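So the sequence shown is residues 1 to 83, counted in the working numbering. Encoded as structure tokens, the structure appears first; notes follow it.
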Amino acid sequence: MNFALHLENELLILKGATRVVSSTPTQAVVEVVGNGVIVSGEGIEVKMLNLEEGEVALAGKFTNIKFGGNLGKKQPLLKRIFK
């Protein structure tokens, strides 16, 4: 599954989403194809969620979008010790 992002005014559509990890009025965390997307701003809310199609639509005033990182998956102990 591919990942795509579409931003238009105060609507952000993420395609390739596998789950919504968390959502608050100031931040939403969405897992897409094994990585994370962290969206920050004001008045953020999930407007549409269709995980069968892999689509999530968020509304709000977005100030920051961060990509990358495995969400909720800890590295093995030895990898954390011997970085």
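Cβ atoms here follow ideal geometry from the backbone N, Cα and C, with glycine treated the same way. Keep in mind the model is a prediction, meaning the values are calculated, not measured.
Whole-angstrom C-beta distance between residue j and residue i, which should lie under 8 Å
| i | j | result |
| --- | --- | --- |
| isoleucine 44 | serine 22 | Contact flag wrong, Cβ pair sits at about 11 Å. |
| serine 40 | threonine 26 | 7 Å |
| valine 46 | phenylalanine 3 | Incorrect: roughly 18 Å between the Cβ atoms, too far for contact. |
Through-space distance from residue j to residue i, alpha-carbon basis
| i | j | result |
| --- | --- | --- |
| isoleucine 38 | lysine 15 | 14 Å |
| leucine 7 | valine 29 | 16 Å |
| glycine 60 | methionine 48 | 13 Å |
| lysine 66 | isoleucine 13 | 15 Å |
| phenylalanine 62 | glutamate 42 | 7 Å |
| asparagine 35 | leucine 5 | 14 Å |
Member of the options whose CA lies at the smallest distance from the CA of residue i
| i | options | result |
| --- | --- | --- |
| glutamate 55 | Thr63, Phe62 and Glu31 | Glu31 |
| leucine 11 | Ala57, Val20 and Gly36 | Ala57 |
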